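K.L.:
These protein sequence lines are chains R and U, in that order. To convert, note that position 226 of the first sequence is 225 in numbering that gives the first Met the number 0; the numbers rise steadily by one, no gaps. To convert, note that position 146 of the second sequence is 145 in numbering that gives the first Met the number 0; the numbers rise steadily by one, no gaps. For each residue, glycine too, the CB sits at the ideal point set by N, CA and C. Predicted model, so just to flag it, every value in this text is computed and none were measured. Got a structure here, written out as structure tokens. Questions coming.
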Amino acid sequence: MQREPRAASLAVMGHSTVTRRSILKALAASAAALALRPLGAFASTAPVLKPIPSSGELLPVVGLGSWITFNVGSDPGLRDECAAVMRAFFAAGGRMIDSSPMYGSSQAVIGHGLARLGRAAPVFSADKVWTASRQEGEPQIRRSAAHWGVGRFDLVQVHNLLGWEAHLETLFRMKEDGRLRYVGITTSEGRRHRDVEAIMLARPIDFVQVTYNVLDREVEARILPAARERGIAVIVNRPFRGGDLIRSIASHRLPPWAARAGAATWAQLLLKFVVSHPAVLCAIPATSQVAHVRENMAAATGSLPDAALRRRIAAHVESL
Amino acid sequence: MPEWWTYTISDFVHFSARAYYRVIERHNESGWPAHLLALGLGLAASAATLRAPARPARALCALVAVLWAGVAWTFFGRHFAAISWTAAIFAWLFAIEAALVAWIGAIRAGLSFSRRRRIAGGPGLALLVIAVPGYPVLAPLVGRDWRQAEIFGVAADPTAIATLGHLLLADRLRWELLAVPILWGLISGVTLWGIGSPTAWVPPLASMFALTAALHATRRDPGQAR
């Protein structure tokens with residue numbers, strides 16, 4: 000299925016061509032999202048929102064990943080800690096939570112958190128299909144949805160392109176039937192970028208998830224431009240290289256000009272670098288700590304670096 | 000697996016140190032106070048091995064087999080499975096060792112000890128000391144809670160290391176019984192390194208130590224090997 004190139008999408012903090020239809024869609028989606036948020040859950044500073052190009056629906060630029068951090072099994076104490084992270088996430092205006100069957104018990108722990116918070120939690124549920132078997136795809140998605148306690152996912156992605164041809168067929172069919180809203184693919188740590196790009200050019204996917212951070216910028220060359228050209232939303236994983244990036248620079252003083260980017264910590268500066276790219280919809284850092292999720296969500300507020308400041312951030316971190 | 004060379008250990012370890020040691024803590028909670036019995040049995044078994052009774056160590060082997068089976072069933076099957084799909088594989092590995100020790104040692108009476116003829120007495124004793132009285136104190140030594148201590152007969156690593164110690168104190172090398180605990184030390188080390196545990200080096204070092212001692216014994220006396 001070929002897809003016509005779309006006009007570049009509007010970014011709330013940015014620029015580019017918009018249509019009346021996309022504005023109306025965006026306003027409707029925002030109103031729906033705001034209506035779902037319980038009283039008292041409004042952040043004092045709301046996060047920056049960007050639209051999903053294929054629908055105009057607005058999402059905050061920082062989401063929540065669940066790789067490793069939410070794989071805590073059946074431990075009641077650790078599950079409640081994860082629920083507390085989710086509570087803080089939603090309270091700060093967060094919406095997208097990302098998981099996968101590959102992440103062990105993470106899906107069930109997310110479901111536990113959603114149940115604790117009440118079904119009014121304004122979650123944008125993003126999960127993955129991860130099986131080489133075509134036949135196993137739909138049953139696996141159903142099991143995942145049962146773990147989450149959701150009737151359907153907002154977004155299902157083919158995890159690391161495993162069985163992508165068969166699964167994309169399944170996902171497009173499910174989308175047509177209304178059993179999910181968006182279709183995507185994922186990769187990580189720079190793997191299979193050629194295949195990812197080829198799929199982006201050939202298939203009408205809504206999302207692509209890739210690794211992107213201040214040191215791993217390979218996607219800037221081809222994938223991010225292709226995403227803008229094709230109107231595909233970009234989710235960024237490993238914005239901190241799993242925490243290694245922050246640990247490696249934490250001993251260095253945050254440069255004074257970081258305040259121009261609205262960043263008070265290294266984590267916020269690194270996140271703002273990622274989410275300020277025009278092609279990026281959101282990043283999904285994973286954490287098991289309430290303080291860190293608040294810090295991350297704070298990065299989604301205020302100003303975002305422009306191109307010159309982004310270059311300065313990259314150069315500075317590379318020099319450390 | 001495309002671009003397999005780009006994968007690292009952390010890609011295959013899907014849980015954090017926090018979750019892993021909490022699994023050990025819950026495993027300990029569920030079995031308490033059996034740990035005291037296991038520790039006592041471990042010390043008694045070590046003493047019996049060092050005393051080196053003249054007859055084959057059927058009872059010792061039966062005990063060790065039961066403990067390996069117990070770790071397979073209770074630790075991997077019930078607790079570790081909650082955070083890792085590899086639990087089933089590791090449970091089978093421990094079950095295989097339990098079966099081998101039971102068959103060769105307890106049923107066929109194929110393992111015996113002699114004070115005058117040990118494969119590697121010093122290394123064997125060292126491994127017993129590390130595994131039985133030593134391992135429980137590792138947790139507080141590296142800043143973890145006592146409730147997360149790993150105890151012989153209850154936790155995988157000290158059970159494997161103690162078994163290596165017993166086997167090195169035997170009068171004949173049994174490679175078929177050494178293989179699994181040596182392999183487990185390597186697997187455990189990789190897993191612990193993947194989660195950033197400060198004690199990740201202990202199991203693989205114990206495995207390499209035992210392997211080196213066994214190979215040295217083989218070279219010294221080719222009749223040792225079976």
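State the beta-bridge partners of P50/R as determined by DSSP.
P.N.:
L57/R
K.L.:
Any beta carbon of chain U sitting closer than 7 Å to that of N236/R?
P.N.:
no
K.L.:
Of all Cβ atoms in chain U, is any one closer than 7 Å to the Cβ of L154/R?
P.N.:
By the rule that beta-carbons nearer than 7 Å mark a contact, L154/R does not touch chain U.
K.L.:
Could you tell me the alpha carbon to alpha carbon distance between A297/R and G152/U, rounded to whole angstroms?
P.N.:
Linking A297/R to G152/U through their CA atoms gives a straight-line distance of about 48 Å.
K.L.:
Within the 7 Å Cβ cut-off, does V340/R reach chain U?
P.N.:
Residue 340/R lies beyond the range of chain R shown here (0 to 319); nothing can be said about it.
K.L.:
Taking Cβ positions, are I150/U and H78/U nearer each other than 7 Å?
P.N.:
Against a cut-off of 7 Å, the Cβ pair of H78/U and I150/U comes out as no contact.
K.L.:
Quick one: is V84/R near chain U, going by C-beta distance under 7 Å?
P.N.:
no
K.L.:
So L167/U packs on L126/U, CB below 8 Å; how close in whole Å?
P.N.:
7 Å
K.L.:
How many angstroms separate the CA atom of A306/R from the CA atom of R190/R?
P.N.:
26 Å
K.L.:
Show which residues of chain B have a CB atom less than 9 Å away from the CB atom of L77/R.
P.N.:
This model lacks chain B altogether, as its protein chains are R and U.
K.L.:
Given that I67/R touches chain U, what residues does it touch there, using C-beta distances under 7 Å?
P.N.:
H13, F14 and S15
K.L.:
Does the segment 122-135 of chain R touch the segment 150-164 of chain R, meaning 3 or more C-beta pairs lie closer than 8 Å?
P.N.:
yes
K.L.:
Taking DSSP as the reference, what is the three-state secondary structure of S340/R?
P.N.:
No answer is possible for residue 340/R: it lies beyond the span of chain R, which begins at 0 and ends at 319.
K.L.:
If you follow the alpha helix (DSSP H) that L110/U is part of, which residue opens it and which one closes it?
P.N.:
Looking at the DSSP string, L110/U is not in any alpha helix (DSSP H), and its letter there is neither H nor E.
K.L.:
Check whether the Cβ of T16/R lies closer than 7 Å to any Cβ atom in chain U.
P.N.:
The predicted model places T16/R with a pLDDT of 39, which falls under 50 and marks its position as unreliable; any figure quoted below should be read in that light. So no, T16/R is outside the interface.
K.L.:
Evaluate D97/R with the Cβ neighbour count: other Cβ atoms within 10 Å of its Cβ, from every protein chain shown; 16 or more gives buried, anything less gives exposed.
P.N.:
D97/R counts as buried, since no fewer than 16 other beta carbons sit within 10 angstroms of its beta carbon.
K.L.:
Are the C-beta of I88/U and some C-beta of chain R separated by less than 7 Å?
P.N.:
For I88/U, the answer is no, since every Cβ of chain R falls outside 7 Å of its Cβ.
K.L.:
The beta strand (DSSP E) spanning Y20/U covers which residue range?
P.N.:
Premise fails: Y20/U lies in the alpha helix (DSSP H), A16 to G30, not in any beta strand (DSSP E).
K.L.:
Chain R partners of I82/U, CB-CB under 8 Å?
P.N.:
N70, V71, G72, G103 and S104
K.L.:
Take the Cβ of F74/U as the centre, count every other Cβ of all protein chains shown within 10 Å, and call the residue buried at 16 or more, exposed below.
P.N.:
buried
K.L.:
So, helix, strand or coil for I67/R, using DSSP?
P.N.:
DSSP places I67/R in the coil class of the three-state scheme, outside both helix and strand.
K.L.:
With a CB to CB cut of under 8 Å and the five nearest residues on each side skipped, what residues in its chain are close to T264/R?
P.N.:
The residues are L253 and E294.
K.L.:
For the alpha helix (DSSP H) that Q288/R lies in, which residues bound it at each end?
P.N.:
Neither: Q288/R is in no alpha helix (DSSP H) and is coded neither H nor E.
K.L.:
Quick check on DSSP: helix, strand or coil for I109/R?
P.N.:
For I109/R, the secondary structure class from DSSP, reduced to helix, strand or coil, is helix.
K.L.:
Report the rounded CA-to-CA distance for I118/U versus A138/U, giving the unit in angstroms.
P.N.:
31 Å
K.L.:
Tell me whether the beta-carbon of D205/R lies closer than 7 Å to the beta-carbon of S53/R.
P.N.:
In contact: D205/R and S53/R (Cβ atoms closer than 7 Å).
K.L.:
By a C-beta neighbour count over all protein chains shown, 10 Å radius and 16 as the cutoff for buried, is V47/R buried or exposed?
P.N.:
Flag for V47/R reads buried.
K.L.:
In terms of residues, what are the limits of the alpha helix (DSSP H) holding G183/R?
P.N.:
Note, G183/R: premise wrong, no alpha helix (DSSP H); beta strand (DSSP E) at L179 to T185.
K.L.:
Please name the residue, chosen from R216/R, L223/R, R180/R and L179/R, that lies closest to A197/R on a Cα-to-Cα basis.
P.N.:
Closest by alpha carbon: L223/R.
K.L.:
If contacts are defined as beta-carbon pairs under 8 Å, then L116/R and R86/R qualify, I think. What distance do you get, rounded to the angstrom?
P.N.:
6 Å
K.L.:
Let me know the secondary structure DSSP gives V218/R once reduced to three states.
P.N.:
helix
K.L.:
Looking only at its chain, what residues have a beta carbon closer than 7 Å to the beta carbon of A130/U, apart from the 5 residues adjacent to it on each side?
P.N.:
Excluding residues within five positions, the ones whose Cβ falls inside 7 Å are F151, P157, I160, A161 and G164.
K.L.:
My output table needs one value for D74/R: the three-state DSSP class, helix, strand or coil.
P.N.:
coil
K.L.:
So if DSSP puts L154/R in a beta bridge, which residue, or which two residues, is it bridged to?
P.N.:
L154/R pairs with A125/R and Y181/R.
K.L.:
Count the CB pairs spanning the segment 69-87 of chain R and the segment 302-316 of chain R that are closer than 8 Å, and state whether there are at least three.
P.N.:
no
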